[in-house]
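Chemist:
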Amino acid sequence: MELEEVYALIDRSQQGDESAKTRLIEENSPLIKSVIRRFKNKGVEYEDLYQLGCIGFLKAIRNFSRAFNVRFSTYAVPMIAGEVKRFLRDDGYIKVSRSTKALAGKIAYFSERYKNEHNQSPSVETIAAEFSIDAQEVAFVMDSCKFPVSIYDKNDDENGKSLVDKLTTKETIDDNVDKMLLKQLIASLNEREKKIVVLRYFRDKTQSEVARVLNVSQVQVSRLESKILEKMREGFEVDVGK
Numbered sequence: 001m002e003l004e005e006v007y008a009l010i011d012r013s014q015q016g017d018e019s020a021k022t023r024l025i026e027e028n029s030p031l032i033k034s035v036i037r038r039f040k041n042k043g044v045e046y047e048d049l050y051q052l053g054c055i056g057f058l059k060a061i062r063n064f065s066r067a068f069n070v071r072f073s074t075y076a077v078p079m080i081a082g083e084v085k086r087f088l089r090d091d092g093y094i095k096v097s098r099s100t101k102a103l104a105g106k107i108a109y110f111s112e113r114y115k116n117e118h119n120q121s122p123s124v125e126t127i128a129a130e131f132s133i134d135a136q137e138v139a140f141v142m143d144s145c146k147f148p149v150s151i152y153d154k155n156d157d158e159n160g161k162s163l164v165d166k167l168t169t170k171e172t173i174d175d176n177v178d179k180m181l182l183k184q185l186i187a188s189l190n191e192r193e194k195k196i197v198v199l200r201y202f203r204d205k206t207q208s209e210v211a212r213v214l215n216v217s218q219v220q221v222s223r224l225e226s227k228i229l230e231k232m233r234e235g236f237e238v239d240v241g242k
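Numbering (my numbering), first residue to last: 1 to 242.
1) Using 10 angstroms around the beta-carbon of Leu-3, count the other beta-carbons present and answer buried if the total reaches 16, otherwise exposed.
2) Rounding to the nearest angstrom, what Cα-Cα distance links Leu-103 and Val-141 in this structure?
3) Suppose you measure from the CA of Ile-186 to the CA of Gln-218; what does that come to, to the nearest Å?
4) Can you tell me whether Pro-30 is buried or exposed? The criterion is at least 16 other CB atoms within 10 Å of its CB, across all chains shown.
5) Relative to the C-alpha of Phe-64, which candidate in Pro-78, Glu-191, Lys-40 has its C-alpha closest?
6) Under the three-state reduction of DSSP, which class applies to Glu-171: helix, strand or coil?
7) Quick one: give me the first and last residue of the alpha helix (DSSP H) that Leu-214 is part of.
8) Just the C-alpha distance for Ser-226 and Ile-61, rounded to the nearest angstrom, thanks.
9) Once the 5 residues before and after Val-210 are set aside, which same chain residues still bring their CB inside 7 Å of it?
10) Looking at the secondary structure, which residues open and close the alpha helix (DSSP H) in which Asn-41 lies?
11) Please tell me whether Ser-19 has its Cβ less than 8 Å away from any Cβ of chain B.
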């Protein structure tokens, strides 16, 4: 879909055109699915995740402005993820799906049998291999269903490491989304504001040093910085759907 066509559909949607909203959702369904895919195996059914993603996408349509100077898809991603994150934070982890409960029971039975046969609890990797799933899913199931064997329990046979210590360290979804949103918010600042952010937070300059670069007083830099941080704080709150 051409950029101008996207903008036209957004304009119509913001004016209440439901058919335009439907068209945008249909055209961007792969984008929504790519975002919610990161939240699979969190105890929420896929269809529910998709509905949450669509709610976040509709919020993106409602709040988007060309003045943000970013592509709509770039703006929409943290809105979609933010809606899912909000649900998981407020509601999602209280509810455990039937499939997760069923897998939890199988893992509990296997763990007990393994311990009787080997006089030690199975590692996350052993459980993952037994059920042909990844270690992250094992950890999630064990933690969400409150097994006696916690992912945070220390294992004397593994040099005192907990199960969670043995998981592959990856950048979290939250980090990815927050970084994307931060980049988007910085891009929406004017040139002077961007320069202050870069000098203060990426080059570790003091307010006095920034003042000399901009040829203004330190007090002015302090006031501008406070306004910039407040603007960015508000941007974070809006984009996660609060």
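We treat Cβ as the ideally placed atom computed from N, Cα and C, and that holds for glycine.
Modeler: Looking at the coordinates:
1) exposed
2) 7 Å
3) 22 Å
4) exposed
5) Pro-78
6) Residue confidence is low: Glu-171 scores 43 on pLDDT, short of 50, so the model does not pin down where it sits. Its coordinate-derived value is still stated next. Looking at Glu-171 - three-state DSSP - the assignment turns out to be coil, as it is neither helix nor strand.
7) 207-214
8) 29 Å
9) Ile-196, Leu-199, Arg-200, Val-221
10) Counting along the chain, Asn-41 falls outside any alpha helix (DSSP H), and DSSP gives it neither H nor E.
11) Among the protein chains of the structure shown there is no chain B, as only one such chain exists.
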